[in-house]
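Residue numbers (my numbering): 5 to 329. Glycine included, every Cβ here is placed at the ideal spot set by N, Cα and C. I have placed the structure first, in the form of structure tokens, so that the comments after it can refer back to it.
Here you go:
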């Protein structure tokens, strides 16, 4: 069949068929990404390719062996992937039923806020990032280590507590689909001028939210404060109840609305940059003026008064060039 005949024979049912197949494959890969199921799926796919080659070459003995192997594949998949299948069903249910997603979000937020509150009381610093639509790992300078653990306050605290054997506590924790996906992620730092009391952790929180649509939560170890960062803007210190409400709103809001920057955010950011530039220029002019004044004073031995109406004054205190009454 020629390409022209193939295209003419292609109907909307074929398009629907391929579209559904693509969605199923994408959903499957999304669920098993970063889990132990990936190597097994690769092995199953390899057996499938091998079976096709064996059938094409008409190798009867090997084909019979592979036939018996594939007859048990369904049972093998159920036994080996029972956790992944449960996770996939939960994922589909949360997407199809908004109420189910809201309940899952409320449960996850409760565990998350409980863990952050414990870290706050213990003055243990932490950076937790909630994944948005933009992949956080695409901007990270270090991807950290995969965890893929349920979101529990005990696990959150254990990963954040600094210890000699806990090398992941210095980086950020990544929350995705209500699970702790990774730990020890190194985020890009912002170039904004921040108050000196904010350290590297706050700079990383702002930096990652400037480049992605993620939501960052920061626990300050010095002041025991909880702050929320979104779209490169950091909130004031929040109470636990305020933080819980804002996280719940972010999780239950449709991604298109949640990822949209607030109106005027870009203009405010540009205005801030202009103000900072003007401040830097003014400070530079003042410093240059001071240096020039000191240089003139060193050359002539005369210090000029700051008041233009006054006459110049010699270092000895004698008025030079004073106006006569």
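For the candidate residues the options, whose alpha-carbon lies nearest to that of residue i?
i           : options           : result
residue 215 : 137, 130, 85      : 137
residue 166 : 127, 143, 53, 55  : 127
residue 254 : 234, 65, 130      : 234
residue 49  : 29, 141, 68       : 29
residue 175 : 86, 16, 141, 67   : 141
residue 55  : 43, 45, 69, 179   : 69
residue 187 : 173, 181, 8       : 173
residue 120 : 224, 24, 45, 57   : 224
residue 212 : 236, 200, 83      : 236
residue 181 : 200, 125, 109, 43 : 109
residue 44  : 83, 111, 246, 162 : 83
residue 73  : 86, 62, 52        : 52
If you check the beta carbons only, do residue i and residue j fall under 8 Å apart?
i           : j           : result
residue 132 : residue 177 : yes
residue 193 : residue 164 : no
residue 242 : residue 227 : no
residue 210 : residue 144 : no
residue 157 : residue 195 : no
residue 219 : residue 134 : yes
residue 113 : residue 257 : no
residue 248 : residue 117 : yes
residue 58  : residue 67  : yes
Quick one: what's got a C-beta closer than 7 Å to residue i's C-beta in the same chain, skipping five residues either side?
i           : result
residue 206 : 198, 222, 238
residue 139 : none
residue 77  : 48
residue 263 : For residue 263, the pLDDT reaches just 43, beneath the cut-off of 50, and the residue's location in the model is therefore unreliable, although a value from the coordinates is still provided. Here the set comprises 136, 137, 217.
residue 154 : 183
residue 171 : 188
residue 208 : 131, 176, 191, 193
residue 129 : 205, 223, 224, 225
residue 261 : Here the model assigns residue 261 a pLDDT of 43, short of 50, so the residue's position is not dependable, and the following value carries that caveat. Taken in chain order, the list of residues that qualify is empty.
residue 60  : none
residue 14  : none
For residue i, which residues from the same chain have a beta carbon less than 6 Å from its beta carbon, with the 5 sequence-adjacent residues on both sides left out?
i           : result
residue 12  : none
residue 160 : 119
residue 273 : Only weak support exists for where residue 273 lies, its pLDDT of 45 falling under 50; the coordinates are left without a value.
residue 17  : none
residue 246 : none
Ignore the nearest five residues each way along the sequence and tell me which others in residue i's own chain have a CB closer than 8 Å to its CB.
i           : result
residue 148 : 172, 175, 176, 178, 186, 187, 188, 189, 190
residue 75  : none
Let me see if you follow: with CB-CB separation under 8 Å, is residue i close to chain D or not?
i          : result
residue 28 : Considering every chain present, this structure includes no chain D. It has just one protein chain.
What residue ranges within the segment 161 to 225 form continuous beta strand (DSSP E) runs of no fewer than 3 residues, ordered along the chain? Look at the segment 161 to 225 and you find these whole runs of beta strand (DSSP E), each 3 residues long or longer: 176 to 180, 183 to 189, 219 to 223.
Enumerated in chain order, which unbroken segments of the alpha helix (DSSP H) with a length of 4 residues or greater are wholly contained in the segment 24 to 79? Counting only unbroken stretches of 4 or more residues, the alpha helix (DSSP H) elements lying wholly within the segment 24 to 79 are 41 to 61, 64 to 75, in sequence order.
May I have a chain-ordered list of the alpha helix (DSSP H) segments no shorter than 4 residues that lie completely inside the segment 97 to 158? Correct list: 102 to 125.
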